[in-house]
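Protein chains: 6
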Amino acid sequence: MPVVTIKLAGNLTREQKKQIAAEVSDTLERVAQKPKRATYITFEELPREDWAVGGQLLDEK
Amino acid sequence: MPVVTIKLAGNLTREQKKQIAAEVSDTLERVAQKPKRATYITFEELPREDWAVGGQLLDEK
Amino acid sequence: MPVVTIKLAGNLTREQKKQIAAEVSDTLERVAQKPKRATYITFEELPREDWAVGGQLLDEK
Amino acid sequence: MPVVTIKLAGNLTREQKKQIAAEVSDTLERVAQKPKRATYITFEELPREDWAVGGQLLDEK
Amino acid sequence: MPVVTIKLAGNLTREQKKQIAAEVSDTLERVAQKPKRATYITFEELPREDWAVGGQLLDEK
Amino acid sequence: MPVVTIKLAGNLTREQKKQIAAEVSDTLERVAQKPKRATYITFEELPREDWAVGGQLLDEK
Numbered sequence: 001m002p003v004v005t006i007k008l009a010g011n012l013t014r015e016q017k018k019q020i021a022a023e024v025s026d027t028l029e030r031v032a033q034k035p036k037r038a039t040y041i042t043f044e045e046l047p048r049e050d051w052a053v054g055g056q057l058l059d060e061k
Numbered sequence: 001m002p003v004v005t006i007k008l009a010g011n012l013t014r015e016q017k018k019q020i021a022a023e024v025s026d027t028l029e030r031v032a033q034k035p036k037r038a039t040y041i042t043f044e045e046l047p048r049e050d051w052a053v054g055g056q057l058l059d060e061k
Numbered sequence: 001m002p003v004v005t006i007k008l009a010g011n012l013t014r015e016q017k018k019q020i021a022a023e024v025s026d027t028l029e030r031v032a033q034k035p036k037r038a039t040y041i042t043f044e045e046l047p048r049e050d051w052a053v054g055g056q057l058l059d060e061k
Numbered sequence: 001m002p003v004v005t006i007k008l009a010g011n012l013t014r015e016q017k018k019q020i021a022a023e024v025s026d027t028l029e030r031v032a033q034k035p036k037r038a039t040y041i042t043f044e045e046l047p048r049e050d051w052a053v054g055g056q057l058l059d060e061k
Numbered sequence: 001m002p003v004v005t006i007k008l009a010g011n012l013t014r015e016q017k018k019q020i021a022a023e024v025s026d027t028l029e030r031v032a033q034k035p036k037r038a039t040y041i042t043f044e045e046l047p048r049e050d051w052a053v054g055g056q057l058l059d060e061k
Numbered sequence: 001m002p003v004v005t006i007k008l009a010g011n012l013t014r015e016q017k018k019q020i021a022a023e024v025s026d027t028l029e030r031v032a033q034k035p036k037r038a039t040y041i042t043f044e045e046l047p048r049e050d051w052a053v054g055g056q057l058l059d060e061k
């Protein structure tokens, strides 16, 4: 019963989320025998103002 | 000083959050002797588009 | 399908975890109509060296 | 620059982690144009005593 | 390659985030030799309705 | 009442944690007026086998 969190700056389209959810749960089933119905995947999309790399907010770069 | 995160798809009403916060911090105090004033509880409500089970976004089901 | 994370410094006994898991999933079912079978609860016990409050590690206090 | 967290009860072998990391970062690159070098993936393996479903610890079931 | 999450109730200004990101990544480089370019820092600002202390939502206090 | 999580591959010494905790809570007090006594900081040190970048586990590189 894996819980997968995918956190990123910016946005994904609904189609991208759909495709990623399908592929990641397939990977976990195929590689680690985790049944898809027990896998929860959540997406957390952050504004670029709320994510920093190299000491700078992404929207400063 | 527990930190409790309650993450779910969809929304809770303010009354539900209030009741859940009261009960969960009571449980931690009664069962594990964690003083209520030191317990932080946070709610994270995700759109159903951002949560997948069984390889499908909840709003596809 | 809530995912609840309970993070704390130090350890809980197995009996405490059992009791907390039962009560918290009961609260979520009763207050927010979340079926128990869909609620995941995880415990994360941290050494006191890995938790700071007031700018000090807990084991310095 | 996604950060992916894969949390599960029990253990994965090193080979399984290797395969999952390769596939998940490939998915994110192919579907969402996230360059692999910017994707961080972490695994968190929890003892079955620290994960509850349906109000019961997994090792009680 | 540290991943730092700063979660708080209420809001920070863009200037505060900028300053905090700069200082925290500087701390990690200076104290722990983690190169700034590899440090990700994310901010998660929660409404006061979604954060409880002492069993009460912050906006009840 | 910020909750700060610092997750990294490998280990920090106790002295490094102590210094980082002091500086980060000082930053949050000075820049964002968050009183130190309300700031929780946790460290999560992961084995290099449990962290992947660029699709590869860190210990493969």
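Chains as they are written, first to last, in the UniProt record's numbering: chain H, 1 to 61; chain P, 1 to 61; chain U, 1 to 61; chain L, 1 to 61; chain Z, 1 to 61; chain D, 1 to 61. Note that beta-carbon positions come from the ideal geometry of N, C-alpha and C, so glycine has one too.
Candidates the options, of which the one nearest residue i by Cα
i, options, result
"Ala38(H)", "Asp59(H), Arg30(H), Gly55(H), Ser25(H)", "Ser25(H)"
"Gln56(H)", "Ala21(Z), Gly10(Z), Asp50(Z)", "Ala21(Z)"
"Val4(H)", "Ile41(H), Gly10(H), Asn11(H), Leu28(H)", "Ile41(H)"
"Glu15(L)", "Thr13(H), Ala32(H), Glu23(H), Leu58(H)", "Ala32(H)"
"Ala9(H)", "Asp59(H), Thr27(H), Glu29(H), Leu46(H)", "Leu46(H)"
"Arg30(Z)", "Glu23(D), Glu49(D), Glu60(D), Leu58(D)", "Glu23(D)"
"Lys7(H)", "Asp50(H), Leu28(H), Lys36(H), Thr27(H)", "Asp50(H)"
"Lys36(D)", "Val53(U), Lys61(U), Asp59(U), Leu58(U)", "Val53(U)"
Environment of residue i [buried if 16+ CB atoms lie within 10 Å]
i, result
"Pro2(H)", "buried"
"Lys18(Z)", "buried"
"Lys34(D)", "buried"
"Thr27(U)", "buried"
Residue range of the unbroken alpha helix (DSSP H) whose run includes residue i
i, result
"Leu28(H)", "14 to 32"
Boundaries of the beta strand (DSSP E) in which residue i is found, first to last residue
i, result
"Thr39(H)", "Thr39(H) -> no beta strand (DSSP E), and no H or E assigned at all."
"Lys7(U)", "3 to 9"
- Listed from N- to C-terminal order along the chain, which residues in the UniProt domain "4-oxalocrotonate tautomerase-like" (2 to 58) of chain L have their beta-carbon within a distance smaller than 7 Å of any beta-carbon of chain Z? The residues in question are Val3, Tyr40.
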